[in-house]
Amino acid sequence: MIVLPKPPNPEDQPSGTQQPPSTSGIFFPNADLDEVARHFIGNNFRFRENIIIPKMYGVVQIKTNEEKLVEAAFESCAFKSLMSCVMGYGLGAAIGLFSSSVNPNIADPLAAEKQQTAREIFREMRAATHSYGKNFAVIGAVFAAVECVIESKRGVSDWRNGTYAGAVTGGLIGLRAGVKAGIVGAAGFAAFSTVIDYYMRHR
67 MIVLPKPPNP EDQPSGTQQP PSTSGIFFPN ADLDEVARHF IGNNFRFREN
117 IIIPKMYGVV QIKTNEEKLV EAAFESCAFK SLMSCVMGYG LGAAIGLFSS
167 SVNPNIADPL AAEKQQTARE IFREMRAATH SYGKNFAVIG AVFAAVECVI
217 ESKRGVSDWR NGTYAGAVTG GLIGLRAGVK AGIVGAAGFA AFSTVIDYYM
267 RHR
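What follows is the structure in structure tokens.
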């Protein structure tokens, strides 16, 4: 156990001696010991991360480390891309089901064609639903991933993120039909994303 030195008593010193200029601190005469004491006893030099300034009335809830991890997982690019993929597949499946249900499948009475059975009609509806759902799922996943990456790199959440992501997504989808189709797809998707983002932010 380390015992700190006892501060000297001025009455114990002879009256004729010349005392050096006083450099004593708050707790101890030695400046180094006083700095150590002020560091551990006082709160002048310690940075506290758990200080919360309430912005509203009521009890302030402090998030735990587990809650922060869950929140970070939900805000990650992988989770956003997965959710957009699932929602895109659902939307595409609904559109494909509707389009296949209103598509007329009437055979020509003058031609030697037989009428489609109910099983064949349902098979075509299932194929159309899966095709639309797969296409929309790919579009949603690519758009969400590109937008999240762009927003993370820029550090700003504004309408430009959606425009850039739309241009990249439209260009990648259109490149399957050629360079010209890729340019047209990038421009069209970027314009559509800009309009939708502007409406969602200013409605």
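Residue numbers (the numbering used here): 67 to 269.
Don't be surprised by glycine CBs; every beta carbon is placed ideally from N, CA and C.
Original post:
For the candidate residues ILE239, VAL261, ILE249, ARG192, whose alpha-carbon lies nearest to that of PHE224?
Top reply: Correcting the residue type first, residue 224 is Asp in the shown sequence and not Phe. The residue with the shortest Cα to Cα distance from ASP224 is VAL261.
Original post:
How many whole angstroms separate the CB atoms of ASN231 and GLY240, which I take to be in contact at a CB cut-off of 8 Å?
Top reply: Residue identity differs from the one stated: residue 231 is Ala in this sequence, not Asn. With 8 Å as the limit, ALA231 and GLY240 do not qualify as a contact, their Cβ atoms being about 15 Å apart.
Subject >> Range of the contiguous alpha helix (DSSP H) that encloses SER147 >> reply: 143-168
Subject >> Three or more C-beta pairs below 8 Å linking the segment 206-214 and the segment 141-150 >> reply: yes
Original post:
What do you get for GLY162, buried or exposed, if any count of 16 or more other CB atoms within 10 angstroms of its CB means buried?
Top reply: buried
Original post:
Out of curiosity, what's the CA-to-CA distance linking HIS105 and ASP98?
Top reply: 11 Å
Original post:
What residue does the alpha helix (DSSP H) around TYR264 start on, and which one ends it?
Top reply: 245-268
Subject >> C-alpha gap between ALA256 and GLY124, whole angstroms >> reply: 44 Å
**OP:** Using only alpha-carbon positions, find the residue among ALA253, ALA193, GLU217, VAL250 that is nearest to ALA159.
**Re:** ALA193
Original post:
Where does the unbroken alpha helix (DSSP H) through SER197 begin, and where does it stop?
Top reply: 184-220
**OP:** Please state whether DSSP places LYS134 in a helix, a strand or coil.
**Re:** helix
**OP:** Could you give the DSSP three-state label for VAL125: helix, strand or coil?
**Re:** coil
Subject >> CB contact flag (GLY221, TYR155, <7 Å) >> reply: no
**OP:** Measure the Cβ-Cβ separation of GLY228 and SER259 and say whether it is below 7 Å.
**Re:** yes
**OP:** Would you check if the distance between the CB atom of LEU157 and the CB atom of PHE202 is smaller than 7 Å?
**Re:** yes
Original post:
Excluding five sequence neighbours on each side, which residues of the same chain lie with their C-beta closer than 6 Å to the C-beta of ASP263?
Top reply: TRP225, GLY228
Subject >> Same chain, Cβ closer than 6 Å to VAL166, five either side skipped, listed in chain order >> reply: For the sequence presented, residue 166 should be read as Ser rather than Val. Excluding residues within five positions, the ones whose Cβ falls inside 6 Å are MET191, ALA194.
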